[in-house]
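Asks:
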Amino acid sequence: MQLIRLFVKIFPPELTWLRPYHIQATGPDTGLIETITSAEDLDRLKKTAGYTSLRALFVQRYGPPDSDGFLAAQSRFIKSLAGYSVVMWLLLLRDRHNGNLMIDSLGH
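Each residue of the sequence shown is one higher than the last, beginning at 1 in UniProt numbering.
(1) Following the continuous beta strand (DSSP E) through L32, name the residue where it begins and the one where it ends.
(2) Under three-state DSSP, which class holds D95?
(3) Since F7 and L18 are thought to touch, with beta carbons under 8 Å apart, how far apart are those beta carbons, to the nearest angstrom?
(4) Measuring CA to CA, which of G31, K47, L3, I33 is closest to N98?
(5) Bridge partners for Q24 per DSSP, in chain order?
(6) To which residues of the same chain is residue 109 closer than 8 Å at the C-beta, ignoring the five residues directly before and after it?
(7) Anyone know if the C-beta pair for L101 and L42 falls short of 7 Å?
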């Protein structure tokens, strides 16, 4: 997570969105990570009854595609997905799948 803090300083905020989470060490090999509230992983969303597409989900949650709410949430999603994708690529972490792609209530 310290590296995420570094990337926050490096990447331009108008192009990416990264949020470092708090971590508390509880021992030499253990710790607690901050809970991510009001967020769902894409894998779970795809299994929800009535799910058809990410676009349809955004329309349902944030309004019509031309609305300010939809466009703002879409922009937040793109910036956070881009930011974390670049970080994972740079750190050689190749574990991107629908189970660890999350969307919060604002679209991040």
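Built from N, CA and C at the ideal position, the CB exists for glycine as well.
Replies: A quick look at the data gives this:
(1) Position 32 of the sequence shown, counted from the first residue, corresponds to residue 32. Its beta strand (DSSP E) spans residues 31 to 33.
(2) Within the sequence shown, the letter at position 95 stands for residue 95. Under the three-state reduction of DSSP, D95 is assigned to coil, being neither helix nor strand.
(3) One-based indexing of the sequence shown puts residue 7 at position 7. One-based indexing of the sequence shown puts residue 18 at position 18. Confirmed, Cβ separation roughly 6 Å.
(4) Residue mapping note: residue 98 aligns to position 98 of the sequence shown, counting from 1. That would be K47, whose Cα lies nearest to the Cα of N98.
(5) By one-based count along the sequence shown, residue 24 stands at place 24. Answer is L32.
(6) In the structure displayed, the chain extends from 1 to 108; residue 109 sits before or after that span and is not available.
(7) As a working note, residue 101 is residue 101 in the sequence shown. As a working note, residue 42 is residue 42 in the sequence shown. Contact check for L101 against L42 passes: the beta carbons are separated by less than 7 Å.
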